[in-house]
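Enquirer: Quick one: the structure is below, and I'll ask about it shortly.
Protein chains: 2
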Amino acid sequence: MEKFPTEEKKCFEDFTEGFNRGYEIPGLSTTEIIEFATLYDPQRFHLDAQEAAGTHFGSLVASGFQTQLLCFKPFCLDVLNRSWAIGAPGIDSIKWLRPWYPGEALSIKVTLIDRRPSAKRHDRGYLRFKLGAAVDSLPTFSMEWVVIILTREGIKPPASQL
Amino acid sequence: MEKFPTEEKKCFEDFTEGFNRGYEIPGLSTTEIIEFATLYDPQRFHLDAQEAAGTHFGSLVASGFQTQLLCFKPFCLDVLNRSWAIGAPGIDSIKWLRPWYPGEALSIKVTLIDRRPSAKRHDRGYLRFKLGAAVDSLPTFSMEWVVIILTREGIKPPASQL
Numbered sequence: 012m013e014k015f016p017t018e019e020k021k022c023f024e025d026f027t028e029g030f031n032r033g034y035e036i037p038g039l040s041t042t043e044i045i046e047f048a049t050l051y052d053p054q055r056f057h058l059d060a061q062e063a064a065g066t067h068f069g070s071l072v073a074s075g076f077q078t079q080l081l082c083f084k085p086f087c088l089d090v091l092n093r094s095w096a097i098g099a100p101g102i103d104s105i106k107w108l109r110p111w112y113p114g115e116a117l118s119i120k121v122t123l124i125d126r127r128p129s130a131k132r133h134d135r136g137y138l139r140f141k142l143g144a145a146v147d148s149l150p151t152f153s154m155e156w157v158v159i160i161l162t163r164e165g166i167k168p169p170a171s172q173l
Numbered sequence: 012m013e014k015f016p017t018e019e020k021k022c023f024e025d026f027t028e029g030f031n032r033g034y035e036i037p038g039l040s041t042t043e044i045i046e047f048a049t050l051y052d053p054q055r056f057h058l059d060a061q062e063a064a065g066t067h068f069g070s071l072v073a074s075g076f077q078t079q080l081l082c083f084k085p086f087c088l089d090v091l092n093r094s095w096a097i098g099a100p101g102i103d104s105i106k107w108l109r110p111w112y113p114g115e116a117l118s119i120k121v122t123l124i125d126r127r128p129s130a131k132r133h134d135r136g137y138l139r140f141k142l143g144a145a146v147d148s149l150p151t152f153s154m155e156w157v158v159i160i161l162t163r164e165g166i167k168p169p170a171s172q173l
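First to last, the sequence lines map onto chains L and A. Residues 12 to 173 in this note's numbering are what the first sequence lists, from first letter to last. Residues 12 to 173 in this note's numbering are what the second sequence lists, from first letter to last.
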């Protein structure tokens, strides 16, 4: 995949009701879980199989932050990087619905749940996405957030350049 | 710092109203920003100084996920790893209030904003924390979430082991 796709990029108006995408990501190894947790979330149940066995998780589990990042990445490459997305004001909801154990593949579905133009600025709009991830049919993770994206008017070159 | 502190760990009852902590973290280099974004959030304004200069950010900025993780880590080491925290059901709010530019140190404040015992289980309670991070006095990031933590009753050995 190119670093930055050169095909025509989607703007606000190109995202219409019903837009959705699906991805599959492979299970993590215990080494991948431990390496991530060491850097970013060094709690015992993410770091050490023996310590984790003594907790209610029963064995090593991925950091919820690792789940969040790995579920986001395919959508970023597939959709955001092929659009005029210019950032996000935040995340409205993250839910860790069950632990993500080593070796479990995740099925991810991302759905556009709301779209609205900015009330103040004609150059941008807001797309609200919900991402859900499941192991087999067991809901494991969800995230809901808003992406800021340029409208057709927002991607026009300024008059001085015409 | 030890991997898992062996001092007596705090349980639910040890967290009382007014509990708070403060941390300082150093600014990121452009290399640290690009390395993280390549792995987890490969958008142009996190990956490439020249591409970023053409966006509304004006220059390279850290991924909001990198901000989230780096703000969380000192609290994890200082507080969660010295407690009977057993996980979190999710995150209720993440706000990226301004971009985090390379070289900007962050001041972090974490405050306990609510505490309640589980209505159903005597072995656990819920602590709601708000984390705020600022560059000088400019609010840059905030996060609000709930930590599940064992009560004194929850850390008692089962009667069969007495």
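Here a beta-carbon is modelled for each residue, glycine too, at the ideal position from N, C-alpha and C.
1) Just verifying my parser: in three-state terms, what is the DSSP assignment at A/Y34?
2) Would the segment 92–106 of chain A count as touching the segment 45–59 of chain A if we require 3 or more Cβ pairs under 8 Å?
3) State the beta-bridge partners of L/I160 as determined by DSSP.
4) Listing by chain order, which chain A residues have their CB less than 7 Å from the CB of L/L71?
5) So is A/Q61 buried or exposed if we call it buried at 16+ other beta carbons inside 10 Å?
6) Give me the subset of the segment 96–128 of chain L whose CB atoms are less than 9 Å from a CB atom of chain A, sorted by chain position.
7) I'd like the list of long-range same chain contacts for L/V90, defined as Cβ closer than 7 Å, with 5 residues on each side in sequence excluded.
8) Does the segment 122–140 of chain A come within contact of the segment 19–37 of chain A, defined as at least 3 CB pairs closer than 8 Å?
9) Closer than 9 Å, Cβ to Cβ, to anything on chain A: give me those residues from the segment 29–55 of chain L, in chain order.
10) Please return the same chain residues whose Cβ sits closer than 6 Å to the Cβ of L/D25, not counting the five positions on each side in sequence.
11) Express the C-alpha separation of L/E164 and L/G136 in angstroms, rounding to a whole number.
12) When you compare the CB positions of L/S74 and A/D103, do they come within less than 9 Å of one another, or not?
13) Check whether chain L comes within 9 Å of A/L138, counting only Cβ atoms and requiring the distance to be less than that.
14) Our contact map puts A/K106 next to A/T122 with C-beta atoms below 8 Å; I'd like the distance itself, whole angstroms only.
15) For L/G114, which residues of its own chain have a beta-carbon under 8 Å away from its beta-carbon, when the five flanking residues on both sides are left out?
16) May I ask you to report which of helix, strand or coil DSSP gives A/K21?
17) Per DSSP, what kind of secondary structure is L/R55 in: helix, strand or coil?
18) Nearest by alpha-carbon distance to L/F76: which of A/S70, A/F83, A/V72 and A/V146 is it?
19) Alpha carbon to alpha carbon, how far is L/M12 from A/K120?
20) Comparing the C-beta of L/F26 with each C-beta of chain A, is any distance below 9 Å?
21) For L/W107, which residues does DSSP report across the bridge?
22) Taking Cβ positions only, does L/F76 come closer than 9 Å to chain A?
23) Could you have a look at L/T122 and say whether DSSP puts it in helix, strand or coil?
24) Could you check if A/S94 is buried or exposed, using at least 16 other CB atoms within 10 Å of its CB as the buried criterion?
25) Whole angstroms is fine: what's the gap from A/D134's alpha carbon to L/I160's?
26) Cβ closer than 7 Å: which chain A residues qualify as neighbours of L/C87?
27) With distances taken from CA atoms, which of A/Y34, A/I36 and A/R109 is nearest A/H67?
28) Assuming L/K84 is part of the alpha helix (DSSP H), what are its boundary residues?
29) Is the beta carbon of L/R139 closer than 9 Å to that of L/W156?
30) Take the Cβ of A/I166 as the centre, count every other Cβ of all protein chains shown within 10 Å, and call the residue buried at 16 or more, exposed below.
Expert: Taking the definition as stated:
1) strand
2) In short, these stretches do not touch, since the Cβ pair count stays below three.
3) L/A96 and L/G136
4) Within chain A, no residue comes near L/L71; the closest Cβ sits about 13 Å away, beyond 7 Å.
5) exposed
6) A96, I97, G98, A99, P100, G101, I102, D103, S104, I105, K106, W107, L108 and P110
7) Non-local C-beta neighbours of L/V90 in its own chain, meaning closer than 7 Å and more than five positions away in sequence, comprise R32, ordered along the chain.
8) yes
9) L50, Y51, D52, P53, Q54 and R55
10) none
11) 11 Å
12) No, the Cβ-Cβ distance between L/S74 and A/D103 is not below 9 Å.
13) no
14) A/K106 to A/T122, Cβ: 15 Å. No contact.
15) G38, L39 and S40
16) strand
17) In the structure shown, L/R55 adopts helical secondary structure according to DSSP, grouped into three states.
18) Considering only alpha carbons, the answer is A/F83.
19) Low local confidence applies: a pLDDT of 49 at L/M12 is under 50, so the model's placement there is unreliable, and no value is given.
20) Not closer than 9 Å to any Cβ of chain A, the Cβ of L/F26 fails to qualify, so no.
21) L/F152
22) yes
23) Correct three-state label for L/T122: strand.
24) So A/S94 ends up on the buried side.
25) Their backbone Cα atoms lie some 46 Å apart in a straight line.
26) D52, P53 and Q54
27) A/R109
28) Element bounds for L/K84: G75 to D89.
29) yes
30) exposed
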